[in-house]
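Residue numbers (full-length UniProt numbering), protein chains in the order written: chain A, 1 to 452; chain B, 1 to 452.
Cβ coordinates follow ideal geometry from the N, Cα and C atoms, glycine included.
Owing to the predicted nature of the structure, the values given are computational and were not obtained by experimental measurement.
Only one structure is covered here, and it is reproduced in the block below.
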């Protein structure tokens, strides 16, 4: 017999991990709902034609294809290479992200949906990346998007969602960074190299990692001359408060209508008048995040500096996503939470509340079959009051029962032995403090099991 | 451009459906937790070797295999038939049920788990069945199992879970049926044809559908003589209350130790002393449900007769499931909820509560940008109190805003026009009753939006 295992890059989530993950997901979900976003779930499988060509050449290779059932041998013989073989044998594939299925859904349901459509989606996606620390082949994405509205109020709402979720999770020290694609466009105009917009932004996006020297070198390698590099360097060294940065940008980009539009948008979004944040978003002129996709605001959420984890979410405004499927002209803006990274942050900062890690509050132990009925009636009454309660599954020695309760880390045990039964009492032991007390049978349902 | 579509047999779940499905799943999940069951999640993909050979020849054909990435053309050329081709090109496959992955998980984690291990699992599975009404290629399973305990208290707990969930869902008229594999074994002994146990039970399991005449014919076709058929017919016509049936069975099966053991087990499980049910389980001697799998109790949950939907769940005790992966001797018992069918029952009986169908309670409308700030502050305060609230996304004519609120079926709109702003009031309109009232800005957060 082969020792059982699971595919590389996939994970089982045991009870303790599921509970902690659910604590994160539930916090996010509740916040999405409070903000009026609506849930969507799409199938794990999409038609291969829906996915092919949407993620660039490298991305396409990482799509997991599903073999057609039935007689496929003949088809296989026609293939000239492995890639063609995949396309000949597979009509379906596992979804690679939530964005393309969302666009596909919106196009298919455009006549029934009310726009702007604000949806959230929390589902696994699959990518054939080489597995590595923190990189999995099956992982959850957690997205909120608004399509069909170009109002900047949506940007404010999405920033506020980040702020609300991270505050609820107790993530002190998180940061929100914003930029605008139009401002980066203005920079490219300023350098008079709009053709090099992507090269410039890819380079400056690395400032954190490679420092100013590194950026200079990369810009030169990518074809900028000394004067052009100097303009970029001036631009990314713009400093100060948001207001100071915006003021300075207005001067620098005064001849770029695109740049000025970007400044105007950021000014509205960062408006201190409309709302406050636990952690007010900060302008970061080097922020790009897969620039080709975004057309307006670019957002990044970062973990507190102490944990060295970096980005825990990102998003931005994009135009014409649904155009891929024949519905042009819908503007959208969205954000995404990096659930695995947020999990690591909470773990490292020890921010998971105790209540996220237990379920059963009390287990009833007993010294003989004759006490089962009494115990079971208490259990049923407790469950009716919302207290998760269990009966030890069989008559056994008390120390075996205790050992089980201990291993399961159940916070309370209730004991019905002969003496308790005679007195009409139940002994309750707090397994954390070790304190034991007797309460009357009638008082059991009022005992504060859920307070622990 | 190709019109976008989704694979046959898969479904998108839009907001209204997700909410209603979550209402069902949350009711089940809460009940599992109240009973001390612990959550498990396994990957969508399993190694093909884990799944192959576990579901019979027909089942194996329905497993969705995932094409390996990389250079596979050479491998394809070695295949002699389509089946071999699949095994040559695919290391992984989508899970076909939750049971085999659960067994695989238990074996892999046997040293860390505390037994008995009570787990629940609510995840999608995939099967290449021909799609039909009510039959999908991706659907949720929803299972609770206990492994590592042969105590019959587990059986009682699982029946009680069904009873609790269906009662919470308001499913008046649901029924729980039970039988025991050992009693069916006793019947086969009685007929003196233990070799035909499967044939006999497959035939009598169809009594509901084909009637007594049909069962007689099928038994004869399967090789029973007239006298043997008569014994089976006597057996399945045993009638009366559970107690009467058990008494009669004791006489009929008095010479079968196996049969008597089955009777003893059912007697314990149906013990009226220990607990009561909204719908007490009823003995159904024709119940078999994939008999080869079960070794003790067999359970079926049925929808109320009015909806003609039949089974909405089932389960039973099995021995040695983990033996498939090298860990013999663990007894298990489990149940499963048929989520899609339960959805259909609730829909048909109109049992979904209104609260399961809405999220946003109030949307703020306004007559000009100057009121946005006021509206937004109310919204933030309401969200802090747990009221899902939205701001209309842009300055627009009031009738456009109203139309949007209407289409979204949001139960309340709050209006801030110039007169409201001057008076420091907000107009609140109940969109269901049409009633409109003005409340002071300070009283907004106390308005009973969530009561609707």
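- Under the DSSP assignment, residue 337 of chain B falls outside any alpha helix (DSSP H), being part of the beta strand (DSSP E) whose first and last residues are 331-337.
- Counting the other Cβ atoms within 10 Å of the Cβ of residue 84 of chain B gives fewer than 16, which makes it exposed.
- Contact annotation: residue 410 of chain A and residue 426 of chain A have beta-carbon atoms that are not nearer than 8 Å.
- Interface residue (Cβ-Cβ distance to chain A less than 8 Å): residue 325 of chain B is classified as such.
- Among the residues of chain A, none has a CB under 7 Å from the CB of residue 278 of chain B; the nearest is roughly 12 Å distant.
- At a Cβ-Cβ threshold of 8 Å, residue 312 of chain A and residue 338 of chain A count as neighbours.
- Across the set A:133, A:104 and A:92, the C-alpha of A:92 shows the shortest separation from the C-alpha of residue 126 of chain B.
- Here residue 64 of chain A has 93, 94, 126 and 128 as same chain residues with Cβ atoms under 7 Å from its own Cβ, once five neighbours each way along the sequence are excluded.
- Only buried fits residue 38 of chain A, as 16 or more other CB atoms lie within 10 angstroms of its CB.
- Shown here for residue 47 of chain B: same chain residues with a beta carbon closer than 7 Å to its own, the five before and five after excluded, namely 91 and 92 in chain order.
- Three or more Cβ pairs closer than 8 Å define a contact, and the region 250-267 of chain B meets that threshold against the region 180-193 of chain B.
- At a cut-off of 8 Å, the C-beta of residue 359 of chain B has a neighbouring C-beta in chain A.
- Under a 10 Å Cβ-count criterion, residue 431 of chain B is classified as buried, with 16 or more other Cβ atoms of the shown protein chains found around its own Cβ.
- Boundaries of the beta strand (DSSP E) around residue 92 of chain A: 92-94.
- The residues 309 and 312, in chain order, have a CB closer than 6 Å to that of residue 341 of chain A in the same chain once the five nearest residues on each side in sequence are set aside.
- For a cut-off of 8 Å, the C-beta gap from residue 417 of chain A to residue 395 of chain A is around 12 Å, too long to register as a contact.
- Chain B places a beta carbon closer than 8 Å to that of residue 149 of chain A, counting this residue as a contact.
- For residue 393 of chain A, a Cβ of chain B is located within less than 8 Å of the residue's own Cβ.
- Using a CB distance cut-off of 8 Å, residue 428 of chain B does not count as an interface residue toward chain A.
- Not a single C-beta of chain A is nearer than 8 Å to the C-beta of residue 446 of chain B.
- DSSP assignment within the region 287-319 of chain A yields the following whole beta strand (DSSP E) runs of 3 residues or more, N-terminal first: 297-302 and 311-319.
- Contact of residue 355 of chain B with chain A by beta-carbon distance below 7 Å is absent, the smallest such distance being about 12 Å.
- The DSSP assignment places no complete run of the beta strand (DSSP E) inside the region 238-264 of chain B (cut-off: 3 residues).
- If you ignore the 5 residues before and after residue 98 of chain A, its C-beta comes within less than 7 Å of the C-beta of 121, 123, 125, 141 and 143, all in its own chain and listed in chain order.
- Nearest in C-alpha terms to residue 253 of chain B, of all of B:135, B:4, B:184 and B:289, is B:184.
- Looking only at B:114, B:173 and B:139, the smallest Cα-Cα distance to residue 146 of chain B is reached by B:114.
- For residue 388 of chain A, the nearest beta carbon of chain B is closer than 8 Å to its own beta carbon.
- Within chain A, no residue has its CB atom less than 7 Å from the CB of residue 350 of chain B, the nearest being about 22 Å off.
- In the displayed model, residue 427 of chain A falls within a strand according to three-state DSSP.
- Contact check for residue 413 of chain A against residue 362 of chain A passes: the beta carbons are separated by less than 8 Å.
- The alpha-carbon separation between residue 61 of chain A and residue 96 of chain A amounts to approximately 11 Å.
- Taken atom to atom, the span from the alpha-carbon of residue 107 of chain B to that of residue 292 of chain B is near 22 Å.
- Around residue 211 of chain A, the same chain offers no residue with a beta carbon nearer than 8 Å, after the five sequence neighbours per side are excluded.
- Between residue 378 of chain B and residue 149 of chain A, the gap from beta carbon to beta carbon reaches 8 Å or more.
- Under the Cβ criterion (8 Å, minimum of three pairs), the region 211-220 of chain A does not count as touching the region 240-250 of chain A.
- By the criterion of a C-beta distance shorter than 7 Å, residue 157 of chain B is surrounded in its chain by 35, once the five residues flanking it on both sides are discounted.
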